[in-house]
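Below: one structure, written as structure tokens.
Number of protein chains: 2
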Amino acid sequence: MVFYLIGLGLGTVEDITVKGQKIIKQCDKVFLESYTSILSSGLSPDALEKFYDRKILPADREMVESASEEILEGAKEKDVALLVVGDPFGATTHSDIYLRAVQMGIPVKVIHNASIMNAIGCTGLQLYNFGETVSFCFWTDTCKPISYFEKILLNLERGQHTLCLLDIKTNEINIEELMRGRMKRNPPQYMTASEAAHQMMVAIDLLNERNSQKLLTPETMVVAIARLGWDDQKIVYCQINELVDIDMGPPLHSVIIPSPSCHPMEIEMLNLFRYKKE
Amino acid sequence: MVFYLIGLGLGTVEDITVKGQKIIKQCDKVFLESYTSILSSGLSPDALEKFYDRKILPADREMVESASEEILEGAKEKDVALLVVGDPFGATTHSDIYLRAVQMGIPVKVIHNASIMNAIGCTGLQLYNFGETVSFCFWTDTCKPISYFEKILLNLERGQHTLCLLDIKTNEINIEELMRGRMKRNPPQYMTASEAAHQMMVAIDLLNERNSQKLLTPETMVVAIARLGWDDQKIVYCQINELVDIDMGPPLHSVIIPSPSCHPMEIEMLNLFRYKKE
Chain A
1 MVFYLIGLGL
11 GTVEDITVKG
21 QKIIKQCDKV
31 FLESYTSILS
41 SGLSPDALEK
51 FYDRKILPAD
61 REMVESASEE
71 ILEGAKEKDV
81 ALLVVGDPFG
91 ATTHSDIYLR
101 AVQMGIPVKV
111 IHNASIMNAI
121 GCTGLQLYNF
131 GETVSFCFWT
141 DTCKPISYFE
151 KILLNLERGQ
161 HTLCLLDIKT
171 NEINIEELMR
181 GRMKRNPPQY
191 MTASEAAHQM
201 MVAIDLLNER
211 NSQKLLTPET
221 MVVAIARLGW
231 DDQKIVYCQI
241 NELVDIDMGP
251 PLHSVIIPSP
261 SCHPMEIEML
271 NLFRYKKE
Chain B
1 MVFYLIGLGL
11 GTVEDITVKG
21 QKIIKQCDKV
31 FLESYTSILS
41 SGLSPDALEK
51 FYDRKILPAD
61 REMVESASEE
71 ILEGAKEKDV
81 ALLVVGDPFG
91 ATTHSDIYLR
101 AVQMGIPVKV
111 IHNASIMNAI
121 GCTGLQLYNF
131 GETVSFCFWT
141 DTCKPISYFE
151 KILLNLERGQ
161 HTLCLLDIKT
171 NEINIEELMR
181 GRMKRNPPQY
191 MTASEAAHQM
201 MVAIDLLNER
211 NSQKLLTPET
221 MVVAIARLGW
231 DDQKIVYCQI
241 NELVDIDMGP
251 PLHSVIIPSP
261 SCHPMEIEML
271 NLFRYKKE
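Note that the protein sequences, when read in sequence, are chains A and B.
Each residue of the first sequence is one higher than the one before, counting from 1 in UniProt numbering.
Each residue of the second sequence is one higher than the one before, counting from 1 in UniProt numbering.
What follows is the structure, encoded as structure tokens:
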């Protein structure tokens, strides 16, 4: 009948919209996408099942990306919902499953919610003035890409802020175990703001030439954000070389590199979060 | 006690989050900001009063921008909420009233929701790939600024999409009436996507030189969006010269200029909205 893509928002089960809540109650099957973002204890399958007093089915990456028959076949006959942390078209779009549903002749409805892409406005930085978003990925012994810094420098040149999304690895197969013939998943890994700051310090050294205007230095002020939208959300405004040693607590973390040409009111807001050494 | 900034989302009273709804019920005073965006019939003060079965107080631009005593004084003793269409830190930040509350020693809590800045993801265009947002303003006989096209061209050069927010004029004083000693307000004015397309056509002519790479032409494909998040939301993907004559219906309208280097899946999503002449 209808395939609903429903945003859960960022924090707990109560961050769903009233409309979304109603739809979940009336749907025949409800899936929970369990890989694109962290499911906080407030948004765990258990918490959701308790809140709705109904079965919530897990949907892993494979199921969602292949727009699985299991999810969409049911939607031919009855209402089916896929729940997504944040907004269904936030940091991860769900275009593939949306398009597949349309091809199958199933009407799709999107229930929007807050996502990291707009909730970062609570730092006081104008969403208007953000340039392209970049993604930091985990460095390995052999691969330490710094190509995303090109984009950060371009944003800075244009007087724009940069949101840096930090790498998440969930449900990854353990290669060493696999080579021994055992199928094991690695525990989930979330890049910390401190790790991102470490990458930036290395990149600043390497970029010396391209970074001739010194747009990025170890003293550049950045914003670290942890658990955005949760009750224990933490925002810290500090230098990159300070952030290296700051523990922001449990995931998810993000970092913003504000433009040096911030509006005075943006600066005033950021100063509320100024890091003070204990 | 606590000053709450609560996002209402985009469509109707049911787009509030469950958490937001609970807080509104327990607050001593609830104000509704009534100028930064359109209050749809679904989000009119009447609809809200009916939904919550309580008095909702209007807050005009002056009250909110001056972080009025009326709003914050009450928050010293009891819980007060200011309701905002979209997200409190979406297209319009509420940094001024936030800072004023902090200065007065009043704790502030933000309840996030969807805003135009992330809900445009439903076009299938990746929020990642948006450059700086621009604002189109109404042209007058004597003033026809096209400076924002500079930013659009820069975004296009970098392969980024541009969200264009279109001008809104509400509660404007009628100057002619004022000169006759009468205080009258003009009816609200909302720029249509068609008017924005008309501005683009004029600008493309004027920009010929700077636009030497022909990044913008009358045939450039753009996305017009009307009433985002409402039940009768409309999305049209068409050429600029087509949009001039397309009626998108009641406000609010926005326009996106997608990068020509769209991802194939972005194109596939956009093609769902391809304009067909009747």
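Glycine is no exception: its CB is placed at the ideal position from the N, C-alpha and C atoms.
{"Asked": "Could you have a look at residue 65 of chain A and say whether DSSP puts it in helix, strand or coil?", "Found": "helix"}
{"Asked": "Starting from residue 198 of chain B, find everything on chain A with Cβ-Cβ shorter than 9 Å and list it in chain order.", "Found": "Those do not exist, as residue 198 of chain B stays about 23 Å from chain A at its closest Cβ, beyond 9 Å."}
{"Asked": "Determine, for residue 222 of chain A, whether the minimum Cβ-Cβ distance to residues of chain B falls below 8 Å.", "Found": "no"}
{"Asked": "Looking only at DSSP bridge pairs, what is residue 195 of chain B linked to?", "Found": "None; residue 195 of chain B has no bridge partner."}
{"Asked": "If the criterion is Cβ atoms closer than 8 Å, does the pair residue 121 of chain B and residue 93 of chain A meet it?", "Found": "yes"}
{"Asked": "Tell me the rounded alpha-carbon separation between residue 82 of chain A and residue 144 of chain B.", "Found": "46 Å"}
{"Asked": "Rounding to the nearest angstrom, what Cα-Cα distance links residue 315 of chain B and residue 251 of chain B in this structure?", "Found": "This structure cannot settle anything about residue 315 of chain B, because the visible part of chain B is limited to 1 through 278."}
{"Asked": "On the three-state DSSP scale, how would you describe residue 275 of chain A?", "Found": "coil"}
{"Asked": "Are residue 235 of chain B and residue 246 of chain B close, meaning C-beta to C-beta below 8 Å?", "Found": "no"}
{"Asked": "Is the distance from the Cβ of residue 86 of chain A to the Cβ of residue 20 of chain A below 8 Å?", "Found": "no"}
{"Asked": "Using a Cβ cut-off of 8 Å, which residues of the region 74 to 107 of chain A contact any Cβ in chain B, in chain order?", "Found": "87, 88, 89, 90, 91, 93, 95, 96, 98, 99, 102"}
{"Asked": "Chain B partners of residue 265 of chain A, CB-CB under 9 Å?", "Found": "93, 95, 96, 99"}
{"Asked": "If the cut-off is 8 Å on Cβ atoms, which residues from the region 161 to 181 of chain B count as contacting chain A, listed in chain order?", "Found": "none"}
{"Asked": "Rounded C-beta distance between residue 257 of chain B and residue 152 of chain B? I'm assuming under 8 Å.", "Found": "6 Å"}
{"Asked": "Assuming residue 3 of chain B is part of the beta strand (DSSP E), what are its boundary residues?", "Found": "3 to 7"}
{"Asked": "Does the Cβ-Cβ distance between residue 270 of chain A and residue 223 of chain A come in under 8 Å?", "Found": "yes"}
{"Asked": "Who are the neighbours of residue 42 of chain A on chain B, taking C-beta pairs under 7 Å?", "Found": "By Cβ distance, chain B contributes nothing, its closest Cβ being about 11 Å from residue 42 of chain A, past 7 Å."}
{"Asked": "What are the residues in the region 107 to 128 of chain B lying within 7 Å of chain A by C-beta distance?", "Found": "110, 112, 113, 114, 115, 117, 118, 119, 121, 122, 124, 126, 127, 128"}
{"Asked": "Going by beta-carbon coordinates alone, are residue 115 of chain A and residue 90 of chain A separated by less than 8 Å?", "Found": "yes"}
{"Asked": "Going by beta carbon distance, what residues of the same chain come within less than 7 Å of residue 199 of chain A, once the five residues before and after it are set aside?", "Found": "136, 139"}
{"Asked": "Which word fits residue 113 of chain A, buried or exposed, when buried means at least 16 other C-beta atoms lie within 10 angstroms of its C-beta?", "Found": "buried"}
{"Asked": "Buried or exposed for residue 173 of chain B, please, with buried defined as at least 16 other CB atoms from any protein chain shown within 10 angstroms of its CB.", "Found": "exposed"}
{"Asked": "From A:17, A:131, A:231, A:241, pick the residue whose C-alpha is nearest to that of residue 42 of chain A; which is it?", "Found": "A:231"}
{"Asked": "Which first and last residues belong to the beta strand (DSSP E) in which residue 248 of chain A is found?", "Found": "Unbroken run through residue 248 of chain A: none, as it is neither H nor E."}
{"Asked": "Mind pulling the chain A residues with CB within less than 8 Å of residue 18 of chain B?", "Found": "13, 14, 15, 16, 17, 18, 21"}
{"Asked": "So who's on the other strand from residue 82 of chain B, going by DSSP bridges?", "Found": "B:5, B:31"}
{"Asked": "Is the CB-CB distance between residue 23 of chain A and residue 72 of chain A below 8 Å?", "Found": "no"}
{"Asked": "What residue range does the beta strand (DSSP E) around residue 136 of chain B cover?", "Found": "134 to 136"}
{"Asked": "Pull the bridge partners of residue 165 of chain B from the DSSP assignment, please.", "Found": "B:135, B:254"}
{"Asked": "With a cut-off of 8 Å, does the C-beta of residue 33 of chain A fall near any C-beta of chain B?", "Found": "no"}
{"Asked": "Taking just the CA atoms, how far does residue 259 of chain B sit from residue 160 of chain B?", "Found": "5 Å"}
{"Asked": "At a CB distance below 8 Å, what residues from the region 145 to 159 of chain A approach chain B? Give them in sequence order.", "Found": "154, 158"}
{"Asked": "Who are the neighbours of residue 269 of chain A on chain B, taking C-beta pairs under 9 Å?", "Found": "93, 95, 98, 99"}
{"Asked": "What runs of the alpha helix (DSSP H), each 4 residues or longer, lie entirely inside the region 221 to 246 of chain B?", "Found": "240 to 243"}
{"Asked": "State the beta-bridge partners of residue 17 of chain B as determined by DSSP.", "Found": "A:17"}
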